[in-house]
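Colleague:
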Amino acid sequence: MQAIRAAVCDAARLCQLVQERYLSASAKTTGEHTEPVTIADYGSQAIIGRALQQHYPQDAVIAEESGTQFQQLVSEEQCAQVLQLLAAVLGERVSEAQLLAWLDFGAGRASRRTWVIDPIDGTKGFLARRHYAIACGLLVDGRVTDGIVAAPGYNGGEGALFYTQAGETWRSKLAGGAVQRLTVSARQDVADFVVVQSYERAHASKSRMGRARELAGVGSARIIELDSMEKYALVAGGDADLYMRLPRPGSDYAHKVWDHAAGVALVQAAGGMATGLDGEELDFSRGETLPNAGMIISNSQRHDQVVAAVGRVLRDY
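Read left to right, the sequence shown gives residues 1099 to 1415 (my numbering).
1. Which same chain residues, not among the five before or five after R1306, have their C-beta less than 6 Å away from its C-beta?
2. Excluding the 5 residues preceding and the 5 following T1373 in the sequence, name in chain order all residues of the same chain whose CB lies nearer than 6 Å to its CB.
3. Enumerate, from N- to C-terminal direction, the unbroken beta strand (DSSP E) stretches of 3 or more residues contained entirely within the stretch 1219-1286.
4. Helix, strand or coil: how does DSSP classify D1202 here?
5. Going by CA-CA distance only, name the one from L1237, A1276, G1336 that's closest to V1282.
6. Output the distance between the C-alpha atoms of L1115 and R1228, rounded to the nearest integer angstrom.
7. For A1195, which of D1216, D1290, T1166 has the nearest alpha-carbon?
8. So what does I1394 bridge to, in DSSP terms?
9. Which residues in the same chain as A1109 place their Cβ atom closer than 6 Å to its Cβ, once the five residues preceding and following it in sequence are excluded?
10. Under 6 Å Cβ to Cβ from R1207, same chain only, skipping five residues before and after it: list those, please.
11. Say whether the stretch 1250-1258 touches the stretch 1360-1374, bearing in mind that this needs 3 or more beta-carbon pairs closer than 8 Å, one atom from each stretch.
12. Around the C-beta of T1387, are 16 or more other C-beta atoms found within 10 angstroms, so that it is buried, or is it exposed?
13. Quick one: what does DSSP say V1292 is sitting in, helix, strand or coil?
14. Compare the C-alpha of A1331 against each of E1163, L1236, Q1366, A1161 and name the closest.
15. Given a cut-off of 9 Å, decide if P1347 and S1303 are closer than it, judged by their beta-carbon atoms.
16. Would A1161 pass as a contact of L1201 if the rule is Cβ separation under 9 Å?
17. Alpha carbons only, please: which of S1164, G1315, G1235, S1173 is nearest the one belonging to F1382?
18. On the three-state DSSP scale, how would you describe T1136?
19. Buried or exposed, going by whether 16 or more other CB atoms sit within 10 Å of the CB of V1405?
20. State the DSSP-derived secondary structure class of R1211, mapped to helix, strand or coil.
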């Protein structure tokens, strides 16, 4: 796993280079300004795919991007930019053929072990220079066992790498150095309770989540809003106690496994709970999407109360 952790850190460095070189301070999160994240997405996934190909050649991969997409959507200029960035980060010349092979490594393969890659989680956060993450999770027989999440925006932009190892969750700076074992908080008093939720309104029903908090007795909890899978890392590290993802009324949105696998691994290894809205297990065994309509992630202290409250909200609101 150490080689994959190093690759995720390299992918984070590539994303930071894209921001430095191609993302102006005035860029907005509209369709007209998405080119930098396209470049970063493919470069990031290629770095992780390369490491998996080298160290776990028999494993399967489920990833957000593909070589076919790259060939269809990316211009010659963008392709050249991705190759230049890869060369700068990896310290070696990279061909387009290598890039495509890394993007498609492990796709469609049958294996007990499947890596799940999200090369940039939090696209709007990346473009707005807020929070985003690079994530790689491992499934064994359809169950989450390990996760790695790089969060360049963590702690005011200091950045951090969160990862599991031997059933525990750890954090270090992206640049390396001392590591710290993480455990979820033991907070349950409403006066101290901290909730983390998505920055973007489109990602979930904030009104439903607010009502669920009230019914669960944590309506006055402090709220942190940020992009990306970093929310899972905050719960795993004790910086937050609850994260919910409740659907909007009438929504049939199917959650992608790459948006959650690595984060779930972090929380579970840190002693927290990650379930569906009914308290059921999150099911990562069905390919690219989860059958669960949403998720409740917590330090476990009020989990049953939150599940009950969410059930009432979904019935009545």
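Ideal Cβ placement from N, Cα and C applies to all residues, glycine included.
Modeller: Once the coordinates are examined:
1. Closer than 6 Å at Cβ, skipping near neighbours: L1344, V1411, Y1415.
2. So the qualifying residues of the chain are I1394.
3. 1231-1238, 1241-1249, 1258-1263, 1266-1270, 1277-1280
4. helix
5. G1336
6. For L1115 and R1228, the distance between alpha carbons rounds to 15 Å.
7. Of the residues D1216, D1290, T1166, the one whose Cα lies closest to the Cα of A1195 is T1166.
8. M1342, T1373
9. S1142, I1145, I1146, I1232
10. A1158
11. no
12. exposed
13. strand
14. Q1366
15. yes
16. yes
17. With distances taken between Cα atoms, F1382 lies closest to G1235.
18. helix
19. buried
20. strand
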